[in-house]
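Protein chains: 2
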Amino acid sequence: MSLIVQKFGGTSVRDAERVMNVARIVTDTFAKGNDVVVVVSAQGDTTDDLIAKAEEINPKASRREKDMLLAAGEQISIALLAMAIEKLGYHATSLLGWQAGFETTSAHTSARIRRVNADRIREALDKHNIVVVAGFQGISRRGDITTLGRGGSDTSAVAIAAAMHADLCQIYTDVEGVYTADPRKVETARKLKEISYDEMLELATLGAQVLNNRSVEMAKKYNIELEVLSSLAKAPGTIVKEKTKMEKMLISGVAKDTDVARISVIGVPNIPGIAFKMFSKLSAKDINVDIILQSIGHDGKKDISFTVAKTRGREAVAALEEYMVSHGAKEVLYDDEVAKISIVGAGMESHAGVATKMFEALYDAQINIQMISTSEIKVSVLIDINEADKAVKAIHNKFFD
Amino acid sequence: MSLIVQKFGGTSVRDAERVMNVARIVTDTFAKGNDVVVVVSAQGDTTDDLIAKAEEINPKASRREKDMLLAAGEQISIALLAMAIEKLGYHATSLLGWQAGFETTSAHTSARIRRVNADRIREALDKHNIVVVAGFQGISRRGDITTLGRGGSDTSAVAIAAAMHADLCQIYTDVEGVYTADPRKVETARKLKEISYDEMLELATLGAQVLNNRSVEMAKKYNIELEVLSSLAKAPGTIVKEKTKMEKMLISGVAKDTDVARISVIGVPNIPGIAFKMFSKLSAKDINVDIILQSIGHDGKKDISFTVAKTRGREAVAALEEYMVSHGAKEVLYDDEVAKISIVGAGMESHAGVATKMFEALYDAQINIQMISTSEIKVSVLIDINEADKAVKAIHNKFFD
Numbered sequence: 000m001s002l003i004v005q006k007f008g009g010t011s012v013r014d015a016e017r018v019m020n021v022a023r024i025v026t027d028t029f030a031k032g033n034d035v036v037v038v039v040s041a042q043g044d045t046t047d048d049l050i051a052k053a054e055e056i057n058p059k060a061s062r063r064e065k066d067m068l069l070a071a072g073e074q075i076s077i078a079l080l081a082m083a084i085e086k087l088g089y090h091a092t093s094l095l096g097w098q099a100g101f102e103t104t105s106a107h108t109s110a111r112i113r114r115v116n117a118d119r120i121r122e123a124l125d126k127h128n129i130v131v132v133a134g135f136q137g138i139s140r141r142g143d144i145t146t147l148g149r150g151g152s153d154t155s156a157v158a159i160a161a162a163m164h165a166d167l168c169q170i171y172t173d174v175e176g177v178y179t180a181d182p183r184k185v186e187t188a189r190k191l192k193e194i195s196y197d198e199m200l201e202l203a204t205l206g207a208q209v210l211n212n213r214s215v216e217m218a219k220k221y222n223i224e225l226e227v228l229s230s231l232a233k234a235p236g237t238i239v240k241e242k243t244k245m246e247k248m249l250i251s252g253v254a255k256d257t258d259v260a261r262i263s264v265i266g267v268p269n270i271p272g273i274a275f276k277m278f279s280k281l282s283a284k285d286i287n288v289d290i291i292l293q294s295i296g297h298d299g300k301k302d303i304s305f306t307v308a309k310t311r312g313r314e315a316v317a318a319l320e321e322y323m324v325s326h327g328a329k330e331v332l333y334d335d336e337v338a339k340i341s342i343v344g345a346g347m348e349s350h351a352g353v354a355t356k357m358f359e360a361l362y363d364a365q366i367n368i369q370m371i372s373t374s375e376i377k378v379s380v381l382i383d384i385n386e387a388d389k390a391v392k393a394i395h396n397k398f399f400d
Numbered sequence: 000m001s002l003i004v005q006k007f008g009g010t011s012v013r014d015a016e017r018v019m020n021v022a023r024i025v026t027d028t029f030a031k032g033n034d035v036v037v038v039v040s041a042q043g044d045t046t047d048d049l050i051a052k053a054e055e056i057n058p059k060a061s062r063r064e065k066d067m068l069l070a071a072g073e074q075i076s077i078a079l080l081a082m083a084i085e086k087l088g089y090h091a092t093s094l095l096g097w098q099a100g101f102e103t104t105s106a107h108t109s110a111r112i113r114r115v116n117a118d119r120i121r122e123a124l125d126k127h128n129i130v131v132v133a134g135f136q137g138i139s140r141r142g143d144i145t146t147l148g149r150g151g152s153d154t155s156a157v158a159i160a161a162a163m164h165a166d167l168c169q170i171y172t173d174v175e176g177v178y179t180a181d182p183r184k185v186e187t188a189r190k191l192k193e194i195s196y197d198e199m200l201e202l203a204t205l206g207a208q209v210l211n212n213r214s215v216e217m218a219k220k221y222n223i224e225l226e227v228l229s230s231l232a233k234a235p236g237t238i239v240k241e242k243t244k245m246e247k248m249l250i251s252g253v254a255k256d257t258d259v260a261r262i263s264v265i266g267v268p269n270i271p272g273i274a275f276k277m278f279s280k281l282s283a284k285d286i287n288v289d290i291i292l293q294s295i296g297h298d299g300k301k302d303i304s305f306t307v308a309k310t311r312g313r314e315a316v317a318a319l320e321e322y323m324v325s326h327g328a329k330e331v332l333y334d335d336e337v338a339k340i341s342i343v344g345a346g347m348e349s350h351a352g353v354a355t356k357m358f359e360a361l362y363d364a365q366i367n368i369q370m371i372s373t374s375e376i377k378v379s380v381l382i383d384i385n386e387a388d389k390a391v392k393a394i395h396n397k398f399f400d
């Protein structure tokens, strides 16, 4: 007998029909002789509806009260799913985050899980109940309701799997698994059978958004085998685990990220410490910098370019402009009409020429590269946003045809 | 400085505008130097919407899961009200039933409060917070979410007032107080300044439905002064307390109850124990009997008539028919086209002729009385349902003109 944790997102439980569909998946798994713990998010647009209600009353409400409000969303979905399981003739017990033992930090709206005390879950499993747990939420040491931030239900599921030494953690979503590229954009994209934690992490960071990043980090740390699969298609998904052996591909996927802006500071005086001072202005405002590119100086001047999240772009420019110009820089340029295209793959560590092959694909497609950044298992380039989809296709065809 | 508990029903917080209105009432009370604990119900139709969702999935869902579902309703309203209070510049802390210390029995959907541990409420008050508590809900000793049944928020408010020795418990509703008759039906109906617990209890039982009965019983037990008033009109309401001294009226109100059916068993053999056996058939099915009338027997036969709630009427007939007829009764008659009209007043204890005055009013209006029942502070009559409003007016005019 195995212990299986299954997580279903908001679209998987958006109405009565979908809730019944999830109940069938869950009870099928239970009927095969497994212990089953189900983690659910709030139904469909519930979270957005609740946020709209709060905005109408007080857009500056305290984070504590926001958490109190939002946590009602999963409370509704766990009760409905438990009822659906009962309807199919099985015993179910729904548990709120705090009842399921989720102790978190008190950082409201973005709390981190301190520990999961799974006693009550185990007690219900021992009584042959299917246990339905509210994802996304927990309780602080003060006894206040907390939430883990968007996408936190994935993390809830992995945390339970880790605390209970589950045999498998299945993340049901609206895609059938992890693909080599976005299948809606690239016809030849194919579903991966397996992918390593590190590759999955790079893909998540790069905007593939199949799995929440914190959940993959936690799965890696506790060595929890994940499966990403669809709640509608009855097909095996993609297994995420430490080492993949089955497929020896150079790269596991091509990802696109359009939530990015490029800032260039032109004519920076070529003196020691100037880059440090510049970036400390940004870190003081908690703005993360991604790709950094510095030109080789000449005439005592150099140019420094970097990327930040588009949502923080204007703020970053404002934080730099006065200081840099008053310290000798010529100007600060801003461009958010850019996209970051990345290839990810553990295979590239041992194979030379992966980056070259990517650049060749872009050259063939006549796409200009603005910036380049590389890590052990990733190569990213910054290009014009209007050429992003064309670039993904060109690179995908180069590697997978 | 006083401690005031204020309770607001679902219509009082049905949308953002109404929530802000409640926040103003609450903060006004706080600004006058009072400690304020607010108890709220779920917004407008939230409870009905949640019940509809459950019905769609599983009409026979377990009571435990129904409670889990419904408790989300107040969770939303307390968070929104706390946000509205914050918007007005005050500190607020919302607390769920279990956080506010409501320990209940484990009778899901109709739990009773065992005790209220108000430590957390007091702690928040000490930090100059307005405390917003979810009514209607609590937690069982097993740690499961429970609800008190419809109207339970009134009881929650009184229970907090009792546990904390509050100076006043205000029940805000959509009427301006307790009236001598339904003001929508009787133009001359007037608002009472005061009413005693016992009179209020009789009125509540009789269908006046201003206050939940359990809440009045609890207020009487712990001697909590209640005020019933409107959240929209800025006017004093009706005070409910042990002894009323201000007004020496014969009666405090005329009430109508149309949720009633009359059952008559004709030709019952006049032998000992037959009435006992008959009513034990009903109590076995948990059917409450109200007015009972037995004719004086002749020819060894008698007729027994009684009233039950209309919703249980057919069931009561089914429970009796076979047994009674096979034991010699002639037939069982059923009539749910009846109404119970009652007058209530502590004054009638010391004043003879109150019942006579009521009968006179009905005679003047040519209304036939089917059954009569009296208690120390109440006289009830059963009449044809089509004459109910006319009867209320006639009796009201007789006593209050």
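Here the protein sequences line up with chains S and L, keeping their order. Just so you know, numbering that gives the first Met the number 0 puts 282 at position 283 of the first sequence, and the rest follows in order with no gaps. Just so you know, numbering that gives the first Met the number 0 puts 294 at position 295 of the second sequence, and the rest follows in order with no gaps. Note that beta-carbon positions come from the ideal geometry of N, C-alpha and C, so glycine has one too.
- The three-state reading of DSSP puts Tyr322 of chain S in helix, counting H, G and I together.
- Secondary structure in the segment 137-172 of chain L: the beta strand (DSSP E) runs of 3 residues or longer, each lying completely within the stretch, are 144-146, 167-172 in chain order.
- Rounded to the nearest angstrom, the gap between the Cα atoms of Gly344 of chain L and Thr179 of chain L is 10 Å.
- Segment contact: the segment 74-87 of chain S against the segment 106-126 of chain L, fewer than three CB-CB distances shorter than 8 Å; contact not assigned.
- In this structure, DSSP gives Arg183 of chain L a state outside helix and strand, which the three-state scheme calls coil.
- Contiguous beta strand (DSSP E) elements confined to the segment 58-109 of chain L occur at 91-94, 101-103, taking only those with 3 or more residues.
- For Ile384 of chain L, no alpha helix (DSSP H) run applies, since DSSP gives it neither H nor E.
- Lys240 of chain L is a Cβ neighbour of Glu224 of chain L, given a cutoff of 7 Å.
- Within the segment 139-164 of chain L, the residues whose Cβ lies closer than 9 Å to any Cβ of chain S are, in chain order, Gly142, Asp143, Ile144.
- At least one C-beta of chain L is nearer than 7 Å to the C-beta of Met67 of chain S.
- With a cut-off of 8 Å on Cβ pairs, the segment 378-386 of chain L is not in contact with the segment 313-329 of chain L, counting fewer than three such pairs.
- Within 7 Å of the CB of Lys126 of chain S, no CB atom of chain L is found; the nearest one sits about 12 Å away.
- Ala393 of chain S carries a helical assignment under DSSP once its states are collapsed to helix, strand and coil.
- As DSSP reads the structure, Ala260 of chain L sits in a beta bridge with L:Val307.
- The DSSP-derived three-state label of Gly272 of chain L is coil.
- Taking a beta-carbon distance threshold of 7 Å, Ile120 of chain L does not count as an interface residue toward chain S.
- Judged by DSSP secondary structure, Arg113 of chain L falls within the beta strand (DSSP E) whose first and last residues are 112-115.
- Proximity to Leu95 of chain L across L:Gly88, L:Leu69, L:Ala308 peaks at L:Leu69, based on C-alpha coordinates.
- Ile290 of chain S sits in a strand when the DSSP states are folded into three classes.
- Leaving aside the five residues that flank Val174 of chain S on each side, the residues in its chain whose CB is nearer than 7 Å to its CB run, in chain order, Val209, Ser229.
- Under DSSP, Met347 of chain S shares a beta bridge with no residue.
- DSSP, read as helix, strand or coil, puts Ala254 of chain L in strand.
- In this structure, Ser40 of chain S sits near Gly9 of chain S, with a CB-CB distance shorter than 7 Å.
- A distance below 6 Å between beta-carbons, with the five flanking residues on each side excluded, links Gly252 of chain S to the following residues of its chain, in chain order: Thr179, Leu202, Val343.
- Taking CB atoms only, Glu55 of chain S has a neighbour in chain L less than 7 Å away.
- The residue among S:Gly299, S:Gln5, S:Glu375, S:Arg119 with its C-alpha nearest the C-alpha of Gly346 of chain S is S:Glu375.
- It is roughly 8 Å from the alpha-carbon of Val185 of chain L to the alpha-carbon of His395 of chain L.
- Chain-ordered, the chain S residues with CB closer than 7 Å to the CB of Ala71 of chain L read Ala71, Gln74, Ile75.
- The beta carbon of Val130 of chain L does not come within 7 Å of any beta carbon belonging to chain S, so the residue lies off that interface.
- For Ala30 of chain S, there is no enclosing beta strand (DSSP E); the enclosing alpha helix (DSSP H) covers residues 15-30.
- In the assembly as shown, Asn57 of chain L is a buried residue. Its beta-carbon has 16 or more other beta-carbons within 10 Å.
- Going by beta carbons, Val157 of chain L and Ser214 of chain L fall inside the 7 Å limit.
- Considering only L:Ile159, L:Lys65, L:Asp14, the residue with the shortest C-alpha distance to Glu102 of chain L is L:Ile159.
- Using a CB distance below 9 Å, no part of the segment 175-187 of chain L faces chain S.
- The C-beta of Asp197 of chain L has 16 or more other C-beta atoms within 10 Å across all chains shown, which makes the residue buried.
- In chain order, Ala60, Lys65, Leu68 place their CB closer than 7 Å to the CB of Ala53 of chain S, counting only its own chain and leaving out the 5 sequence neighbours on each side.
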